[in-house]
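Scroll down for the structure; my scribbles are underneath it.
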Amino acid sequence: MKNDPAPPAMRLASTGTILYGVSVGEVLGVSTLAEARLIAGRSGLDRIVQRLNVMEVPDILAWVKPHELLLTTGYPLRNTPQSLDRLVADLDERGLAALAIKLGRYLDELPGEMVEQADRLGFPLILLPNDVAFDDILNQVLTDILNRQAATLARAEEAHRALVQIVLAGGGMREVAAEVAGLLQVAVAMVDISGRILATAGEADQVALLREELVVPRESGTSGGGRCTAVPVVAGGHHHGKIIAYGAAGPLTPSDIGLLERAATVAALVITRQEAVTAVESKYRADFLRDVLTGRGGTRVAERARGFGWDLERRVGVVVAELDPDAEDRPVQDRMLAAWQAAVRRHDPRGAVAGFSHEVVAVVGAAVDTTRLAREALAAVCDGTFSTGLSRVADGVDAIPGAYGQALKAARVGRQLHGAGAVAHFDELGVYRLLSLVNDTGELHAFVRETLGSLAGDDDAENADLRRTLQMLLDTNLNVAETARRLHFHYNTLRYRIGKLERMLGSFTEDAHLRLNLTLALHVLRMRGI
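Using my numbering, you'd call the opening residue of the sequence shown number 4 and step up by one each time.
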């Protein structure tokens, strides 16, 4: 798929109770209603009947329930036939399936307004034969409903056993999709949370239409006369995507949606199992890559790397992405690793990538544009930042530990110089590169104290302000006028400060070597913590 298209306009299936029952049209087909006539509401013949009720009181509205077929002789309404058209609207509003009535004994005919109202609402009105008893209708229709429910439950249980068996046998998303497609005779797609298709199954032409629906959604949610129905896949309290079914014959039935929901539960088991396997594999990859980065990989590094799909025998570059201090939480780390894995797959499928406690390290071919790689990974993590360091090209496995050190220094120096989210190459650090290579940080700090004296600390606000003035003077090559302008000082104020600085540090305006030392000391301070 291209550019993660918007999800298709499709009906999201309810995860509530599955509806069992028979349609009004099927009810009219039972033997006891062979002589019954539909006199209004033909467009509502697909309404589902789940239960039956008999109207014995005028205030029946308090006793009816959705999906009922209401039977009546009209006795409760014999004295108020004018209210029959309002009764139809009230029953329809409460979700009843249909009204079946006997005429002749208490009501001679139905008002025209009632019939017109039923037609407008698509509410079936059925005229019952006088020689059929209500108990016969009740028994036969309820038997059909119970048989339908039993068959639906048996089908659902059989499907559930088949799907669970797939998981127990080690099957994955592809096998689950194939089983659902066979059970429902539809095309099926498993998609992740970003809309990427993980597996498809079904007739080739229907699968093609389903893919088209996913890429170019239609307002109606239909394509080629079929419909898409989506059920979310939830595992561990997190949404992992959807199972989407495309039926060329039309929308799925409630029982079919129930099977799709069961498949979503099984898909969640597959995801949970895969996550557990992935977690173990990730640990092995991370442990091995850490050994390589620290020079403890042993003698068979290249061979073991090939087992992970990595190529470390070529010329490579090392990239270190280190979480910025204000973004160190586990969810951001996980998303950062996922972003880097996706970016490395796109740029170098043979590249190595692994996540550690607060950083992600990638080893990619020398031909990869590592700056572009880093920018893409950074853009994919919208709720946290990380600073990225890029190494020089390393010739072979033995040079990787040194390249890792370069990338790590570049990430940390880049953050200090440019702030969170910086991308820095080791070769572009200038003097900071040289300073970062000094392993004895105690010697560096001693140099700062000897060179800057009391200006080296941050305890005194006045000294910190004087140090800023010194930094600006050195940055402008001792241009007093320009320094005063940048610091918004009066010229005389700046001259006074220069005098004070020279009394503390020496005559740096005349001594080029002292200026060099002061510049280096300020650079070291700027690299504090590295």
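A virtual CB, placed ideally from N, CA and C, is assigned to each residue, including glycine.
When you compare only the Cα positions, how much space is there between residue i and residue j?
i, j, result
"L458", "T472", "11 Å"
"A153", "T146", "10 Å"
"Y435", "D290", "31 Å"
"L340", "L326", "11 Å"
"R214", "L411", "43 Å"
"G312", "A365", "13 Å"
"L508", "R309", "58 Å"
"A207", "V191", "11 Å"
"A101", "D138", "17 Å"
"R506", "R470", "14 Å"
"V30", "V234", "30 Å"
"H241", "P61", "51 Å"
"R418", "E485", "28 Å"
"V52", "R338", "49 Å"
"H428", "A345", "22 Å"
"T522", "N480", "11 Å"
"G392", "A413", "4 Å"
"E3", "L41", "In the structure as shown, the chain begins at 4 and stops at 533. Residue 3 is therefore absent and cannot be evaluated."
"H493", "I501", "13 Å"
"E116", "A43", "11 Å"
I'd like the list of long-range same chain contacts for residue i, defined as Cβ closer than 6 Å, with 5 residues on each side in sequence excluded.
i, result
"V194", "I200, G244 and K245"
"Y78", "Y109"
"D514", "none"
"G175", "V273"
"A204", "A180, A181, A184 and V191"
"A423", "D327 and T388"
"V396", "R318, G320 and A369"
"V135", "T35"
Strictly by DSSP, which residues pair up with residue i?
i, result
"G392", "V323 and A427"
"R177", "BP columns for R177 are empty, so no partner."
"G250", "R230"
"D398", "R318"
"G358", "V363"
"G368", "V319"
"A103", "L74 and I129"
"I51", "S26"
Go ahead and pull the three-state DSSP assignment for residue i.
i, result
"H242", "strand"
"S26", "strand"
"A190", "strand"
"A136", "coil"
"N56", "strand"
"L477", "helix"
"V416", "helix"
"R40", "strand"
"V237", "strand"
"I196", "coil"
"L508", "helix"
"A3", "The structure shown does not extend to residue 3, since the chain is modelled only from 4 through 533, so no value can be given for it."
"A515", "helix"
"S223", "Interpretation of S223 is limited by its pLDDT of 37, a score under 50 that renders its predicted location unreliable; the figure taken from the coordinates is listed afterwards. DSSP places S223 in coil when its eight states are reduced to three."
"G98", "coil"
On the criterion of 16 or more Cβ atoms from any shown chain inside 10 Å, does residue i qualify as buried, or is it exposed?
i, result
"T35", "buried"
"R415", "buried"
"W343", "buried"
"N520", "buried"
"Q188", "exposed"
"K503", "exposed"
"S394", "buried"
"A252", "exposed"
"Q336", "buried"
"I196", "exposed"
"H516", "exposed"
"T297", "exposed"
"T302", "exposed"
"V236", "buried"
"G229", "For G229, the predicted model reports a pLDDT of 48, less than 50, meaning its position is unreliable; a value from the coordinates is still stated below. G229 comes out buried."
"L476", "buried"
"S226", "Residue placement at S226 cannot be trusted, given a pLDDT of 39 that sits under 50; what the coordinates show is reported in the next sentence. Its Cβ being crowded by 16 or more others within 10 Å, S226 is buried."
With a threshold of 8 Å on Cβ separation, who are the neighbours of residue i within its own chain once the five nearest residues in sequence on each side are excluded?
i, result
"V451", "A459, A524, V527 and L528"
"L263", "A16, V183, L187, T232, V234, I246, A248 and L255"
"R375", "H350"
Under 7 Å Cβ to Cβ from residue i, same chain only, skipping five residues before and after it: list those, please.
i, result
"V304", "V295, L315 and V400"
"A33", "Residue identity check: residue 33 is Val in the sequence provided, not Ala. Once the five neighbours on either side are set aside, the close Cβ partners of V33 are Q143, V144 and D147."
"L166", "V179, E182, R265, A266 and V269"
"N133", "K105 and G107"
"A380", "A324, A342, W343 and A346"
Confirm the yes/no value for this check: CB of residue i, any heavy atom of the ligand FAD, distance under 7 Å.
i, result
"L490", "This structure does not include the ligand FAD; it has no bound ligands of any sort."
Is any beta-carbon of chain B found at less than 8 Å from that of residue i?
i, result
"E284", "The question asks about chain B, but that chain is absent: this structure has only one protein chain."
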